[in-house]
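Asks: At position 24 of the sequence shown (counting the first as 1) the number is 1340 in this note's numbering, and the numbers step up by one without a gap.
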Amino acid sequence: MVPMNDLRNPHHGDLPADLELVLKVIPQPRDCNANGDIFGGWVMAQVDLAGSVIPARYARGRMATVAVKEFIFKQPVRVGDILSFYGALERVGRTSVTVRIEVFAERFADQGRYIKVTEATLTYVAIDAQGRPRPLPPQQAS
Ligand SMILES: CC(C)(COP(=O)(O)OP(=O)(O)OC[C@H]1O[C@@H](n2cnc3c(N)ncnc32)[C@H](O)[C@@H]1OP(=O)(O)O)[C@@H](O)C(=O)NCCC(=O)NCCS
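Okay, structure coming up:
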């Protein structure tokens, strides 16, 4: 994994080989604040979506985000950037799954160079029809 300090270095080089690409998205003008910069909250929503991809394989049904640990934004996200969301499984519990998400931007005019813009650790809980935690179903052999 790329250390958080690398958020200060916009040209850190390679993408993480140990993480899985779970989402790619290009922010649009509607995702901006009045200054023309992308809302941090929009990025956070995309991270929540990206974070759900791996846990969905374990929950196999309804689930909810119970916790998100620390967003830090050290590099801006701009309209037209190509954002890549990489994920890795951190923990499978009785009812919950925790993943780590790292987000990289390719500037529209400088593709192929990846700038880490944020990262977060998220926990999702499998829930039943009443919204209560339910045990994760037995995992199928891959
Ligand atoms: C998700 C929810 C059903 C969990 O119910 P709960 O009674 O709070 O949870 P529990 O204490 O029984 O814990 C359930 C699991 O969540 C984990 N968990 C609970 N709080 C956590 C936290 N702050 N950080 C990380 N994991 C946490 C527990 O470790 C447990 O995992 P495990 O069974 O794998 O060990 C409930 O908190 C809820 O409905 N929250 C709102 C969810 C939501 O609306 N999310 C979107 C927000 S906009």
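The C-beta atom is built at its ideal place from N, Cα and C for all residues, glycine as well.
1. Under the rule that 16 or more other beta-carbon atoms within 10 Å means buried, what is K1432, buried or exposed?
2. Let me know the secondary structure DSSP gives Y1440 once reduced to three states.
3. What is the rounded straight-line gap between the Cα of N1325 and the Cα of V1441?
4. State the start and end residues of the unbroken alpha helix (DSSP H) segment that holds G1352.
5. I'd like to know whether the C-beta atoms of V1419 and P1345 end up nearer to each other than 8 Å.
6. Under three-state DSSP, which class holds P1343?
7. In three-state terms, what does DSSP make of G1403?
8. Quick check on A1425: does DSSP put it in helix, strand or coil?
9. If I follow the unbroken beta strand (DSSP E) through K1385, where does it start and stop?
10. Does any residue of chain B bring its CB to less than 8 Å from the CB of A1425?
11. I want to check one thing, is the minimum distance from the CB of V1441 to the heavy atoms of ligand 1 below 7 Å?
12. Applying the 10 Å Cβ sphere with the 16-neighbour rule, what's the burial state of R1378?
13. Is it the case that the CB of V1338 approaches a heavy atom of ligand 1 more closely than 7 Å?
Replies: Inspection of the coordinates gives the following:
1. buried
2. The answer is strand: DSSP assigns Y1440 an E or B state.
3. Confidence at N1325 is low in this model, with a pLDDT of 48, below 50, so its placement is unreliable and no value can be given for it.
4. Taken as a continuous stretch (DSSP letters only), G1352 belongs to no alpha helix (DSSP H), as it is neither H nor E.
5. no
6. coil
7. strand
8. coil
9. Following the DSSP letters along the chain, one finds K1385 inside the beta strand (DSSP E) bounded by residues 1379 to 1385.
10. In the structure shown, chain B cannot be found, because there is only a single protein chain.
11. yes
12. exposed
13. no
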